[in-house]
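For reference, the structure is listed below as structure tokens.
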Amino acid sequence: MELDVRNLVKEYGDTPALHGIDLNVRSGELLALLGPSGSGKTTLLRLIAGLDHPTGGRVLFGGEDASEKTVQERRIGFVFQHYALFRHMTIADNIAYGLRVRPRSSRPSETAIAAKVEELLDLIQLPGYGHRFPNQLSGGQRQRVALARALAVEPRVLLLDEPFGALDAKVRKELRVWLRAFHDRTGHTTLFVTHDQEEALELADRVVVMSAGRIEQIGTPEDIYDRPATPFVYDFIGESVAVPVTVSDGLPFVGIQPVEVPTLPRSLPAGPGRLFIRPEHVTFARDGEGLWATVVSIHRSGSSRRIGFRADGADELIEAIIPSGHEPPRLGTRLALHIQSAGLFAA
Amino acid sequence: MSDAVLSGPANADRPLAAAAVTARRPRPRLPTEETPWVRRTLIVVAVTFLALFLILPLATVFVEAFRKGAGAFLASLADPDAVAAIELTAVVAAIALPCNLVFGVAAAWAIAKFEFVGKTFLVTLIDLPFSVSPVVAGLVYVLLYSTSHGVFGPWLDAWNLQVVFALPGIVLATIFVTFPFIARELIPLMESLGNTDEEAALTLGASGFRAFWTVTLPNVKWALLYGVLLCNARAMGEFGAVSVVSGHIRGYTNTMPLHIEILYNEYQFVAAFSVASLLAALALVTLGIKSWLEIRYADAIVGGKTH
Chain A
2 MELDVRNLVK
12 EYGDTPALHG
22 IDLNVRSGEL
32 LALLGPSGSG
42 KTTLLRLIAG
52 LDHPTGGRVL
62 FGGEDASEKT
72 VQERRIGFVF
82 QHYALFRHMT
92 IADNIAYGLR
102 VRPRSSRPSE
112 TAIAAKVEEL
122 LDLIQLPGYG
132 HRFPNQLSGG
142 QRQRVALARA
152 LAVEPRVLLL
162 DEPFGALDAK
172 VRKELRVWLR
182 AFHDRTGHTT
192 LFVTHDQEEA
202 LELADRVVVM
212 SAGRIEQIGT
222 PEDIYDRPAT
232 PFVYDFIGES
242 VAVPVTVSDG
252 LPFVGIQPVE
262 VPTLPRSLPA
272 GPGRLFIRPE
282 HVTFARDGEG
292 LWATVVSIHR
302 SGSSRRIGFR
312 ADGADELIEA
322 IIPSGHEPPR
332 LGTRLALHIQ
342 SAGLFAA
Chain B
139 MSDAVLSGPA
149 NADRPLAAAA
159 VTARRPRPRL
169 PTEETPWVRR
179 TLIVVAVTFL
189 ALFLILPLAT
199 VFVEAFRKGA
209 GAFLASLADP
219 DAVAAIELTA
229 VVAAIALPCN
239 LVFGVAAAWA
249 IAKFEFVGKT
259 FLVTLIDLPF
269 SVSPVVAGLV
279 YVLLYSTSHG
289 VFGPWLDAWN
299 LQVVFALPGI
309 VLATIFVTFP
319 FIARELIPLM
329 ESLGNTDEEA
339 ALTLGASGFR
349 AFWTVTLPNV
359 KWALLYGVLL
369 CNARAMGEFG
379 AVSVVSGHIR
389 GYTNTMPLHI
399 EILYNEYQFV
409 AAFSVASLLA
419 ALALVTLGIK
429 SWLEIRYADA
439 IVGGKTH
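Chains A and B are the protein sequences, given in the same order.
For the first sequence, the residue numbers in the numbering used here are 2 to 348.
For the second sequence, the residue numbers in the numbering used here are 139 to 445.
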């Protein structure tokens with residue numbers, strides 16, 4: 002089901018947590034809310050769920066205004082970071098909980114509930130685990146049970162709050178792949194919160210990058226990584242260095258050296274700016290045109306080497322990555338840098 | 139293959155050599171361990187102290203109770219005044235416990251799950267009965283509800299209600315003295331559990347009430363039982379506060395502790411210790427169940443996320 006958020010505002014006392022969020026989630030989409038802690042992503046998720054009340058704005062499920070509805074009426078599925086399984090109930094009872102608490106008129110029979118539980122246990126690949134208790138399961142298994150429990154009530158939207166946050170790195174990767182496949186199979190409109198960019202970029206159809214209660218950019222993982230819309234996104238996603246530049250005659254200058262970046266528009270507005278450069282977009286040559294810089298550091302990291310440069314007229318360390326098999330330049334060598342792609346923002 | 143060489147006859151003397159090495163070197167003492175001499179002294183001091191101040195007096199209670207045989211013991215318990223005291227104590231506990239159960243759960247719920255102005259003050263207030271002398275607690279109720287000179291005295295008199303020197307006063311004093319027990323057990327546990335389980339229940343469609351019964355209460359049930367147990371032991375054993383409000387009317391307003399004191403003051407030692415042995419037995423049973431709860435459900439009582 003489609004989900005719309007219109008001008009959603011949340012203030013805790015005088016402290017604003019969300020400043021007018023607008024967001025459209027398409028039906029069947031897997032959307033990541035990505036941001037550092039304190040960016041408001043969990044607050045947004047809780048407002049959509051109805052676990053918290055907004056100061057202003059609206060939430061629409063399938064075009065229907067749900068702002069005044071209680072959390073129970075919204076029919077969402079919510080998965081918590083620490084699973085929040087009911088520890089005194091078996092796995093089967095946990096999954097059946099949402100069906101058993103329904104009013105008698107809409108409650109399925111016990112046989113129907115049992116069948117539903119079996120079906121969901123199969124779906125999360127834990128058949129035969131129904132009689133166990135949560136503390137007899139591993140973290141990854143518990144998170145899958147939490148997902149099954151949320152799905153049992155046939156939610157209109159699935160909301161996951163840091164679903165892999167409490168798991169160790171290996172399980173997290175496995176579960177990530179599993180969740181993507183699971184989503185492709187079941188097709189629930191899903192929002193998940195994460196602070197892990199790798200997770201967001203790998204898993205989501207679209208990523209919403211948030212910072213300080215605002216949306217910085219919404220886009221596909223490619224958009225977010227290759228065409229960051231704001232300095233924050235450039236800084237937060239992947240690696241980059243911000244080099245102060247002065248734009249004149251439509252070209253950025255580092256000190257007195259002009260920098261040619263193929264991806265930048267031909268005519269740039271004049272003034273001070275910051276050029277965001279990613280290491281993988283930097284190449285170098287011994288002669289010819291380019292941004293002249295001195296090699297100041299060389300580090301080996303696994304299969305690659307990172308070469309640190311200091312450009313004439315800038316203090317920031319510009320890095321380039323070369324395969325470790327290649328002969329690195331010597332420290333102190335002066336080389337011409339070529340920037341394949343970069344982002345320019347007014348300072 | 140090195141394995142084959144090791145198990146071969148050529149190495150048959152190896153274990154002996156290893157034993158010789160360990161025999162020559164005494165086991166090194168861990169940095170946190172004390173010498174055997176220090177350890178033994180500490181244990182002796184602790185055990186002697188316990189024996190003198192706990193075990194010996196407790197044993198005395200039972201020895202004195204049975205000094206003139208089981209017949210005298212049973213006779214003193216069957217005495218109408220003793221029976222009345224036992225009944226009154228049971229009735230008081232039976233009223234005070236549910237009251238404190240409701241209050242304790244409500245207070246713990248409010249403190250652990252919500253933020254509100256004056257929360258710290260409320261937590262401090264809940265501890266008040268621990269710091270106020272029970273006699274003062276009793277006096278307060280006399281000053282409020284006494285028909286002759288209490289604040290509400292004229293009103294109570296007009297409605298012909300007797301609070302002080304009657305069951306209501308005893309119950310009030312007991313509730314006052316025992317109300318921290320359940321709340322104090324629940325607050326840290328509920329705080330450590332947080333709201334997520336309840337939120338999960340709500341997102342699954344449960345009403346707040348339903349979530350409380352099916353999720354919150356089961357999560358705290360062992361801590362609750364633990365609190366009820368302590369509360370009960372204190373409610374039945376309370377002397378000071380009850381002594382002030384009861385008026386010591388034999389067969390009517392004497393609880394077990396008050397009855398014991400009267401008997402003792404009248405030199406009826408066997409009778410006094412017989413009733414006292416009941417209270418002591420109650421304490422022992424309480425202690426036993428408490429230990430069992432602590433061993434069996436330690437995680438659920440002290441809190442901490444076990445799932």
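C-beta: ideal position from N, C-alpha, C; glycine also.
Note down, in chain order, each residue of its chain lying with its Cβ closer than 6 angstroms to the Cβ of residue i, except the 5 sequence neighbours on either side.
i, result
"His339 (chain A)", "Thr284, Gly291"
"Phe379 (chain B)", "For the record, residue 379 (chain B) in the displayed sequence is Ala; it is not Phe. Closer than 6 angstroms at the Cβ level, and outside the excluded window around Ala379 (chain B), lie Pro272, Ala275, Gly276, Ala311, Val315."
For residue i, which residues in chain B fall below 9 angstroms Cβ to Cβ?
i, result
"Ile77 (chain A)", "Thr341"
Output, in chain order, the set of chain B residues within a Cβ distance shorter than 8 angstroms of residue i.
i, result
"Phe81 (chain A)", "Thr334, Glu337, Ala338"
"Leu61 (chain A)", "Those do not exist, as Leu61 (chain A) stays about 18 angstroms from chain B at its closest Cβ, beyond 8 angstroms."
Does the beta carbon of residue i sit closer than 8 angstroms to a beta carbon anywhere in chain D?
i, result
"Pro356 (chain B)", "In the structure shown, chain D does not exist; the protein chains are A and B."
Under DSSP, the beta strand (DSSP E) around residue i begins and ends at which residues?
i, result
"Asp5 (chain A)", "4–13"
"Arg145 (chain A)", "Element bounds for Arg145 (chain A): not the beta strand (DSSP E) but the alpha helix (DSSP H), 140–153."
"Trp293 (chain A)", "292–302"
"Asp23 (chain A)", "16–26"
"Ile400 (chain B)", "First-last for Ile400 (chain B): 394–403, but that is the alpha helix (DSSP H), not the beta strand (DSSP E)."
"Ile323 (chain A)", "318–324"
"Phe62 (chain A)", "57–62"
"Ala243 (chain A)", "242–249"
"Asp162 (chain A)", "158–162"
"Pro253 (chain A)", "252–255"
"Thr186 (chain B)", "Taken as a continuous stretch (DSSP letters only), Thr186 (chain B) belongs to no beta strand (DSSP E), being part of the alpha helix (DSSP H) at 174–188."
"Gly36 (chain A)", "Premise fails: Gly36 (chain A) is in no beta strand (DSSP E) and is neither H nor E."
Take residue i and list the residues in its own chain whose beta-carbon comes closer than 8 angstroms to its own, dropping the five residues that flank it on each side.
i, result
"Leu122 (chain A)", "Ile92, Ala93, Ile96, Pro128, Gly129, Tyr130, Gly131, Ala149"
"Asp295 (chain B)", "Thr285"
"Asn392 (chain B)", "Asp219, Ala222, Ala223, Leu226, Ser384, His386, Ile400"
"Ile216 (chain A)", "Ile22, Asp23, Leu24, Val209, Val210"
What does residue i reach in chain B if we use C-beta pairs closer than 7 angstroms?
i, result
"Gly99 (chain A)", "Leu342, Gly343"
"Val72 (chain A)", "Leu340, Thr341"
"Phe87 (chain A)", "Asp335, Val353"
If I follow the unbroken alpha helix (DSSP H) through residue i, where does it start and stop?
i, result
"Val366 (chain B)", "355–375"
"Glu336 (chain B)", "334–341"
"Ala300 (chain B)", "Correcting the residue type first, residue 300 (chain B) is Gln in the shown sequence and not Ala. Run containing Gln300 (chain B): none; DSSP gives neither H nor E here."
"Trp179 (chain A)", "170–187"
"Pro280 (chain A)", "Looking at the DSSP string, Pro280 (chain A) is not in any alpha helix (DSSP H), and its letter there is neither H nor E."
"Gln218 (chain A)", "Run containing Gln218 (chain A): none in the alpha helix (DSSP H); it sits in the beta strand (DSSP E), 215–220."
"Phe233 (chain A)", "232–237"
"Met211 (chain A)", "First-last for Met211 (chain A): 207–212, but that is the beta strand (DSSP E), not the alpha helix (DSSP H)."
"Gly291 (chain B)", "291–296"
"Val199 (chain B)", "194–203"
"Ile387 (chain B)", "From DSSP, Ile387 (chain B) is part of no alpha helix (DSSP H); its letter is neither H nor E."
Quick one: what's got a C-beta closer than 7 angstroms to residue i's C-beta in the same chain, skipping five residues either side?
i, result
"Leu425 (chain B)", "none"
"Gly356 (chain A)", "In the structure as shown, chain A begins at 2 and stops at 348. Residue 356 (chain A) is therefore absent and cannot be evaluated."
"Val118 (chain A)", "Ala93, Ile96, Ala97, Gly131"
"Glu240 (chain A)", "Arg279, Pro280"
"Ile249 (chain B)", "Lys257, Leu260, Val261, Ile325"
"Leu19 (chain A)", "Leu9, Val10, Lys11, Gly41, Thr44, Leu45, Gly214"
"Pro329 (chain A)", "Ile299, Arg306, Ile308, Ile323"
"Ile233 (chain B)", "Val309"
Which chain A residues sit within Cβ distance under 9 angstroms of residue i?
i, result
"Arg348 (chain B)", "Val102"
Which whole-angstrom value describes the C-beta separation of residue i and residue j, a residue pair presumed to lie in contact below a C-beta threshold of 8 angstroms?
i, j, result
"Gly274 (chain A)", "Ala348 (chain A)", "5 angstroms"
"Thr341 (chain B)", "Val72 (chain A)", "6 angstroms"
"Val194 (chain A)", "Leu46 (chain A)", "5 angstroms"
"Thr412 (chain B)", "Leu215 (chain B)", "According to the sequence shown, residue 412 (chain B) is Ser rather than Thr. Sure, about 6 angstroms apart at Cβ, within 8 angstroms."
"Gly188 (chain A)", "Leu168 (chain A)", "Not confirmed; about 24 angstroms, so no contact."
"Arg173 (chain A)", "Phe183 (chain A)", "Rounded, the Cβ-Cβ distance is 15 angstroms, inconsistent with contact."
"Val80 (chain A)", "Val6 (chain A)", "Actually they are not in contact, since the Cβ atoms of Val80 (chain A) and Val6 (chain A) sit about 19 angstroms apart, beyond 8 angstroms."
"Gly242 (chain B)", "Ala321 (chain B)", "4 angstroms"
TODO: Check each residue of the stretch 353–387 of chain B: if its Cβ is closer than 9 angstroms to any Cβ of chain A, include it; give the result in chain order.
DONE: Val353, Pro356, Asn357, Lys359
Open item on the list: Any C-beta of chain A within less than 7 angstroms: which residues of the stretch 165–187 of chain B qualify?
Closed with: none
Open item on the list: Short of 9 angstroms Cβ to Cβ, which residues in the stretch 147–176 of chain A face chain B?
Closed with: Ala147, Arg150, Ala151, Ala153, Val154, Pro156, Leu160
Task: Against chain B: residues of the stretch 25–56 of chain A by CB proximity under 7 angstroms - done: Ala50, Leu52
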